[in-house]
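Worksheet for the structure shown next.
Protein chains: 2
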Amino acid sequence: MARSTSGESVLERVVRILEAFTPSDRALTVGEVSRRAGLPAATGSRMVAEMVAHGLLTRDADRRVRVGTRLWELASRASPTLSLRELAMPVLEELHALVGHHAQLGVLDGEQVLFVERLSAEQAVINYTRIAARLPLHASSSGLVLLAHAPPELQERVLAGPLARFTPSTPTDPGELRRRLATIRRDGFVVCCGYLHPEATGIAVPVRDEHRQVAAAVSVIVPNDELARDRVAPLAAAARRIEQRLAAH
Amino acid sequence: MARSTSGESVLERVVRILEAFTPSDRALTVGEVSRRAGLPAATGSRMVAEMVAHGLLTRDADRRVRVGTRLWELASRASPTLSLRELAMPVLEELHALVGHHAQLGVLDGEQVLFVERLSAEQAVINYTRIAARLPLHASSSGLVLLAHAPPELQERVLAGPLARFTPSTPTDPGELRRRLATIRRDGFVVCCGYLHPEATGIAVPVRDEHRQVAAAVSVIVPNDELARDRVAPLAAAARRIEQRLAAH
Chain B
1 MARSTSGESV LERVVRILEA FTPSDRALTV GEVSRRAGLP AATGSRMVAE MVAHGLLTRD
61 ADRRVRVGTR LWELASRASP TLSLRELAMP VLEELHALVG HHAQLGVLDG EQVLFVERLS
121 AEQAVINYTR IAARLPLHAS SSGLVLLAHA PPELQERVLA GPLARFTPST PTDPGELRRR
181 LATIRRDGFV VCCGYLHPEA TGIAVPVRDE HRQVAAAVSV IVPNDELARD RVAPLAAAAR
241 RIEQRLAAH
Chain E
1 MARSTSGESV LERVVRILEA FTPSDRALTV GEVSRRAGLP AATGSRMVAE MVAHGLLTRD
61 ADRRVRVGTR LWELASRASP TLSLRELAMP VLEELHALVG HHAQLGVLDG EQVLFVERLS
121 AEQAVINYTR IAARLPLHAS SSGLVLLAHA PPELQERVLA GPLARFTPST PTDPGELRRR
181 LATIRRDGFV VCCGYLHPEA TGIAVPVRDE HRQVAAAVSV IVPNDELARD RVAPLAAAAR
241 RIEQRLAAH
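Residue numbers (full-length UniProt numbering), protein chains in the order written: chain B, 1 to 249; chain E, 1 to 249.
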């Protein structure tokens with residue numbers, strides 16, 4: 001592929017430009033894009049212009065730049081992620097109507113859980129997840145379920161740390177986490193009270209594909225109270241229904 | 001931006017490679033990708049390899065290629081489209097629970113309606129929409145609502161045709177369509193019986209942003225029977241609630 005004099009490919013620059021945009025910085029000036037992507041101003045400006053011409057980025061009336069609808073369309077219409085999400089959606093809606101608060105679907109990507117769907121009630125308990133957001137594997141209920149069924153090499157790499165602490169309850173001891181993963185494999189669910197926020201409990205169960213491999217985690221985030229454990233049964237039932245839909249697909 | 005000897009930019013080729021994947025062709029061999037993108041086999045193979053290295057594409061165990069989770073993440077996490085969709089989602093869920101069948105959210109993109117969300121009941125009436133799919137403006141309820149509030153130049157370009165016919169009921173007469181658009185602006189909704197399929201009725205209403213510009217259309221697809229019109233009132237109420245959420249954001 002064509003390379004600049006610095007030996008960097010055009011594609012690397014395109015990816016770095018896209019990485020400049022985040023949920024909290026959805027609109028940036030061309031200068032901000034160039035700076036965040038580590039590109040000279042002229043290069044950044046030229047690349048943004050071409051990306052706008054192809055609909056990968058769009059320019060606002062105030063000249064600020066955003067991620068383009070065309071990019072979202074190209075990334076979504078044939079995405080395996082979206083296909084899983086579409087199959088799971090009717091079940092996730094019913095789960096959400098039953099449990100309230102947040103219901104979400106996450107997949108393992110690299111060493112994190114990537115959330116491909118989140119349904120939230122308007123007055124729900126606090127939650128750090130967004131669609132297309134990530135959380136560390138050791139500190140979230142979805143992440144622990146995915147880690148429990150991940151290849152041993154990945155488990156060891158994650159347990160070797162660093163293991164960030166978000167609250168006094170976040171598990172950060174590798175030995176304790178290793179025992180926890182075994183318990184999750186035995187029980188088929190995990191309840192995480194206050195790992196990311198003192199007032200929120202995450203509950204997650206695995207979703208298996210037709211080869212019985214864990215393909216995703218379905219989870220709910222509820223208030224950290226004595227009712228939390230009552231949500232395990234409806235969550236497990238939802239996971240079974242998503243599995244039936246995956247198998248029938 | 002770097003160009004090949006044919007004068008074509010790398011970005012053009014990346015876009016054409018992404019365009020090779022569709023909802024019905026989610027996994028392709030490298031040869032199929034190159035052919036669809038109009039690239040020499042060696043070029044296609046080299047570009048696919050680099051896109052895989054950056055996570056924009058992924059390779060299956062059987063060596064077939066798919067759109068990558070990383071691309072979906074980059075396109076989604078800061079997308080204005082997804083932001084609108086997230087704000088609308090709690091309302092869309094309630095509308096869907098009330099009306100059943102399909103509830104969807106569409107935006108104007110180019111000369112088509114692009115659907116950014118669709119919620120479907122498991123036993124719903126037939127519907128051609130998918131998430132990230134498009135429909136022509138003149139033949140769908142969402143499209144007609146968006147066209148009715150589009151700039152006059154776009155209206156004239158669409159009415160100048162071609163205007164595809166899907167069923168004997170699809171409106172394809174420019175004069176009739178022009179009168180129809182005026183009626184939609186006056187009434188604030190449209191009911192389309194059998195325009196895309198004889199058994200399905202689409203009903204759509206506009207969603208306005210804080211500047212009172214039409215930003216999207218919310219619609220339901222229901223069976224083509226005498227109850228269809230009863231859905232106009234809950235649909236209009238849903239649009240008002242989405243507008244309140246947009247304004248509060």
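Note that the Cβ used here is the ideal one computed from N, Cα and C, for glycine as well.
Cross-chain neighbours of residue i in chain B, by beta carbon under 8 Å
i	result
A75(E)	L18, V67, L71, W72, L74, A75 and S76
C-alpha distance - residue i paired with residue j, whole-angstrom precision
i	j	result
A133(E)	E117(E)	10 Å
R157(B)	R13(B)	29 Å
L39(E)	V222(E)	43 Å
A75(E)	L18(B)	8 Å
H102(E)	E199(E)	14 Å
D187(E)	P234(E)	15 Å
A164(B)	Y195(B)	11 Å
residue 251(E)	R16(B)	One cannot answer for residue 251(E) here, as it falls past the ends of chain E, which runs 1 to 249.
D173(B)	P136(B)	15 Å
A239(B)	A204(E)	33 Å
V218(B)	H96(E)	21 Å
R35(E)	R77(B)	20 Å
S141(B)	L114(B)	12 Å
L146(E)	H54(B)	23 Å
S79(B)	E243(B)	19 Å
A61(E)	R245(B)	23 Å
Which of helix, strand or coil DSSP assigns to residue i
i	result
R241(B)	helix
P80(E)	helix
A196(B)	Inspection of the sequence shows that residue 196(B) is occupied by Leu rather than by Ala. Of the three classes helix, strand and coil, the one that applies to L196(B) here is coil, per DSSP.
G44(B)	helix
A150(B)	coil
residue 251(E)	Nothing can be reported for residue 251(E): it is not among the residues displayed for chain E, which extend from 1 to 249.
R26(B)	coil
A37(E)	helix
A217(E)	strand
S141(B)	helix
T183(B)	helix
L119(E)	strand
H136(B)	Checking the sequence shown, residue 136(B) turns out to be Pro, not His. Strand.
G202(E)	strand
P63(E)	In the sequence as presented, Pro is not what sits at residue 63(E); that position holds Arg. Three-state DSSP puts R63(E) in coil, outside helix and strand.
D173(E)	coil
Buried or exposed (CB count within 10 angstroms, at least 16 for buried), residue i
i	result
R70(B)	buried
S24(B)	exposed
H249(B)	exposed
T183(E)	exposed
R85(E)	buried
P206(B)	buried
T29(B)	exposed
Q104(B)	buried
V67(E)	buried
residue 256(B)	Residue 256(B) is absent from the structure shown; chain B starts at 1 and stops at 249.
R212(B)	exposed
Chain E contact for residue i (CB, 8 Å cutoff)
i	result
L57(B)	no
E210(B)	no
H54(B)	yes
E153(B)	no
E50(B)	yes
V220(B)	no
D225(B)	no
D230(B)	no
V214(B)	no
L114(B)	yes
D187(B)	no
D173(B)	no
Contacts of residue i in chain E (Cβ-Cβ under 9 Å)
i	result
D62(B)	The contacting residues do not exist; D62(B) stays about 13 Å from chain E at best.
A121(B)	P90
E93(B)	E93, H96, A97 and L119
Any C-beta of chain B under 8 Å from that of residue i
i	result
T22(E)	yes
R26(E)	yes
S9(E)	yes
V33(E)	no
V15(E)	yes
M1(E)	Legend: pLDDT at M1(E) = 47, less than 50; position of this residue unreliable, no value from coordinates given.
Proximal residues of chain E, C-beta to C-beta of residue i below 8 Å
i	result
T81(B)	T69 and W72
Proximal residues of chain B, C-beta to C-beta of residue i below 7 Å
i	result
A133(E)	R77
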